[in-house]
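The block underneath contains the structure these notes are about, expressed in structure tokens.
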Amino acid sequence: MARLQVYTPQGTMTEFELGEYNTLGRHPSNDMQILDQIVSKEHAVVYRRDGKYYYRDLGSLNGSYLNNERISEVQLSNRDTVILGSTRLLFLDVDDKPGVQIHQEGTESYIRTQMEVPKEGQFLPEDQIKDQIVLRSDYERLRIAHELQNSIGAVMHVDVLLQKIIDSAFTFLMADRGAILLFDDDGQLRARVTKTVGEEQSDIGLSTTIINAVISDKKGVISSDAMMDSRFKSSKSIMMQGIRSSMAVPIIHRDELMGMMYLDSKIATGAFAEKDLKVFTSIAQQAGTLLDNIRQARKLEKEALTREKFSRLLSPNLVEELLSGNLEVTKGGMRRPVTILFADIRGFTSLTERSDASQIVEMLNEYFERMVEIIFENEGTLDKFIGDEIMVLWGAPVKQDDHAVRAVRTAWQMQRALDRYNEERVEAGLKAVKVGIGICSGECVIGYMGSTRKMEYTAIGDSVNTASRLCDLAQPMEIVISASTYQAVRNHVRVEEMAPTQVKGKADPLSVFRVAGIKES
Numbered sequence: 011m012a013r014l015q016v017y018t019p020q021g022t023m024t025e026f027e028l029g030e031y032n033t034l035g036r037h038p039s040n041d042m043q044i045l046d047q048i049v050s051k052e053h054a055v056v057y058r059r060d061g062k063y064y065y066r067d068l069g070s071l072n073g074s075y076l077n078n079e080r081i082s083e084v085q086l087s088n089r090d091t092v093i094l095g096s097t098r099l100l101f102l103d104v105d106d107k108p109g110v111q112i113h114q115e116g117t118e119s120y121i122r123t124q125m126e127v128p129k130e131g132q133f134l135p136e137d138q139i140k141d142q143i144v145l146r147s148d149y150e151r152l153r154i155a156h157e158l159q160n161s162i163g164a165v166m167h168v169d170v171l172l173q174k175i176i177d178s179a180f181t182f183l184m185a186d187r188g189a190i191l192l193f194d195d196d197g198q199l200r201a202r203v204t205k206t207v208g209e210e211q212s213d214i215g216l217s218t219t220i221i222n223a224v225i226s227d228k229k230g231v232i233s234s235d236a237m238m239d240s241r242f243k244s245s246k247s248i249m250m251q252g253i254r255s256s257m258a259v260p261i262i263h264r265d266e267l268m269g270m271m272y273l274d275s276k277i278a279t280g281a282f283a284e285k286d287l288k289v290f291t292s293i294a295q296q297a298g299t300l301l302d303n304i305r306q307a308r309k310l311e312k313e314a315l316t317r318e319k320f321s322r323l324l325s326p327n328l329v330e331e332l333l334s335g336n337l338e339v340t341k342g343g344m345r346r347p348v349t350i351l352f353a354d355i356r357g358f359t360s361l362t363e364r365s366d367a368s369q370i371v372e373m374l375n376e377y378f379e380r381m382v383e384i385i386f387e388n389e390g391t392l393d394k395f396i397g398d399e400i401m402v403l404w405g406a407p408v409k410q411d412d413h414a415v416r417a418v419r420t421a422w423q424m425q426r427a428l429d430r431y432n433e434e435r436v437e438a439g440l441k442a443v444k445v446g447i448g449i450c451s452g453e454c455v456i457g458y459m460g461s462t463r464k465m466e467y468t469a470i471g472d473s474v475n476t477a478s479r480l481c482d483l484a485q486p487m488e489i490v491i492s493a494s495t496y497q498a499v500r501n502h503v504r505v506e507e508m509a510p511t512q513v514k515g516k517a518d519p520l521s522v523f524r525v526a527g528i529k530e531s
């Protein structure tokens, strides 16, 4: 997965995995919020096309710069750096990983020592320690964890963390080369960082036998001398590199195998002893804990972003259901039966002519606040505000078999809430707010739509157009529904059939109904 690292003026770094379309800017609605005063609210987008990633500036005031040149749109290459104000963006492609070659030999290498990995926090109480060796072992594990934590600090980036961990391993243990490998999303073991001493970074060939011993058995291993031990003569990957001694341990957190760490030495025969394996195992244990901390932090960040995005569309309880995994939102466009509601304030133009701007904004905010609360109570999806008009849909992105009933019930409750709101306004000497509502049910295309500059979740189709026309037809404080909606709610509402009505875009007059009441309590 390609990713973007954001380096702030304060020296902090945050990494984002890039999706198909990613927005950047100062406003919190962006996929990547950049808290930099020089950055515009909607500054730029990074999007993928034909397998390549592109950066597009959205006409920001202070611009975007690549190689000291202002850019409007450019294809990103691995390790390109884009400057926004005082913020630096580093683009990293999925292939920007150190190369560690895993030889598939099919022959058996000799494993000199194997060691079980102790569980995290597996320390005996003080009064149960009878053996000085156990006490020394526990102390060493705690010392390594303490020193490793001090050297790492509060790093929240995986590759930076792994580099610090392998640097610490070289501090504790005498080694020439090392690598940390983690399982990717496809279950493949891939190198994330490598380190060598006294030579340029190069591929490290790992014996399949050693990998299998670590991954399959979940045990730390030490291999014996490859150049002098006859049992290694058939192990080509070790012999070809002249490895005298190697050591590998699994990275485990709460019984989950996350990857492995590897060290080797080409200087001394039998360079690693059992004590070294214990130290290396302790480092790997700490690595598992730190990696899980980052993973949990990323999960919380992702949930926060998801909650913020969907809270604009869905009721809070549906947002929590989505985050818990009980509900699924299908990405991309789809055809789905839904019910669309439009609500529009009648006489809004004349209302605004007799009020100043602050009164208009205050009135709209209060009106929208009350209406949206009712919409979310009935688990509707808030599509958009169009001036003083509200567009809502039921049946997407969460499927609802009773979407038509929910829509009509919501409309009725909205009108009753307006009655109470208008009582307050009249008492305050203000003009009442009258709203007309139109509702239609039918199949629509649902999904994220728009341009690379701006996209929104919405519905398109004949039912949307019809609902809008019925809203135009509705008188103040009137709810008008289509025949398709009436068929779905006929057992739940009382209606008055209206004369067939000709609306724009329809060849034949429509059968429409005025809602007179709700049968259910």
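Following our numbering, the numbering of the sequence shown begins with 11 at its first residue and continues without gaps. Cβ atoms here follow ideal geometry from the backbone N, Cα and C, with glycine treated the same way.
May I have the straight-line CA-CA distance separating residue i from residue j, to the nearest angstrom?
i, j, result
"Asp227", "Asp265", "12 Å"
"Asp169", "Ile175", "10 Å"
"Glu363", "Arg346", "41 Å"
"Ala179", "Ser39", "41 Å"
"Asp482", "Gly448", "7 Å"
"Gln410", "Ile489", "22 Å"
"Leu267", "Ala283", "24 Å"
"Gln497", "Glu434", "36 Å"
"Leu216", "Glu25", "29 Å"
"Leu480", "Val436", "28 Å"
"Phe395", "Asp194", "42 Å"
"Arg356", "Val55", "38 Å"
"Leu292", "Lys309", "First, the residue type needs correcting, since residue 292 is Ser and not Leu in the sequence shown. Taking the straight line joining both Cα atoms gives about 26 Å."
"Trp422", "Asp366", "30 Å"
"Asn375", "Val408", "27 Å"
"Glu387", "Gly197", "42 Å"
"Val499", "Ala414", "7 Å"
"Ala307", "Gln173", "19 Å"
"Gln43", "Thr97", "11 Å"
What does a CB cutoff of less than 7 Å around residue i pick up in its chain, not counting 5 residues either side in sequence?
i, result
"Ile385", "Leu392, Val402, Thr420"
"Val474", "Ile350, Cys454"
"Ser478", "Phe352, Gly448"
"Met508", "Val522, Phe523, Arg524"
"Ser494", "Cys450, Ser451, Gly452"
"Asp103", "Ala12, Asn88"
"Ala484", "Gly446, Ile447, Gly448, Val490"
In chain order, what residues of the same chain have a beta carbon less than 8 Å from the beta carbon of residue i, not counting five sequence neighbours either side?
i, result
"Gly397", "Phe358"
"Gly131", "Any answer about Gly131 is weak, because its pLDDT of 49 lies below 50 and its placement is not dependable; what the coordinates show is given next. Closer than 8 Å at the Cβ level, and outside the excluded window around Gly131, lies no residue."
"Tyr57", "Glu30, Tyr31, Asn32, Tyr63, Tyr64, Arg66, Thr462"
"Val224", "Gly230, Val231, Ala258, Val259, Pro260, Met270"
"Leu511", "According to the sequence as given, residue 511 is Thr; it is not Leu. For Thr511, where only same-chain residues beyond five positions count, the Cβ hits under 8 Å are Leu483, Pro519, Leu520, Val522."
Going by Cα to Cα distance, which pick from the options is closest to residue i?
i, options, result
"Leu71", "Tyr65, Glu52, Arg89, Asn88", "Glu52"
"Glu83", "Thr91, Tyr65, Ile93, Asp90", "Tyr65"
"Leu86", "Arg13, Met42, Asp46", "Arg13"
"Thr18", "Leu28, Glu27, Gly35, Gly29", "Gly35"
"His37", "Lys276, Ile48, Tyr31", "Ile48"
"Asp60", "Gly69, Asn77, Tyr31, Thr476", "Tyr31"
"Pro486", "Met424, Lys516, Asp518, Asp472", "Met424"
"Glu389", "Glu372, Thr206, Asn88, Val418", "Val418"
"Gly471", "Leu191, Gly515, Glu376, Ile262", "Gly515"
"Phe4", "Val259, Leu300, Lys276, Asp302", "Nothing about residue 4 can be reported from this structure: the residues present for the chain run from 11 to 531 only."
"Gly69", "Ser50, Ile190, Tyr377, Arg58", "Ser50"
"Ile221", "Leu191, Ala367, Thr204, Val408", "Leu191"
"Leu94", "Glu27, Asp41, Val16", "Val16"
Here's a check: name, in chain order, each residue in its chain whose Cβ is nearer than 6 Å to the Cβ of residue i, leaving out the five neighbours to either side.
i, result
"Ser256", "Ser233, Asp274"
"Ala406", "Arg346, Val348, Ile456"
"Asp302", "His263"
"Gly73", "Arg80"
"Met344", "Ile456"
"Lys205", "Ile176, Gly188"
Going by DSSP, which residues form a beta bridge with residue i?
i, result
"Trp404", "Thr349"
"Phe193", "Leu199"
"Asn32", "Val56"
"Cys454", "Arg346"
"Ser63", "Residue 63 is actually Tyr in this sequence, not Ser. Tyr63 is bridged to Arg58."
"Asn255", "For the sequence presented, residue 255 should be read as Ser rather than Asn. The partner list for Ser255 (beta bridge, DSSP) reads Ser275."
"Arg1", "Only positions 11 to 531 of the chain appear in this structure, which leaves residue 1 out of reach."
"Met42", "Leu34"
"Tyr467", "Tyr458"
"Met270", "Leu191, Pro260"
"Leu76", "Glu79, Val92"
Can we count residue i as close to the ligand FAD, meaning its CB is less than 7 Å from some heavy atom?
i, result
"Ile304", "Inclusion of the ligand FAD in the displayed structure is not the case, the ligand content being empty and no account of it being possible."
Item to check | Cβ pair count under 8 Å reaching 3, the stretch 438-457 against the stretch 501-515 | outcome: no
Item to check | Contact the stretch 413-432 vs the stretch 370-384: 3+ CB pairs below 8 Å | outcome: yes
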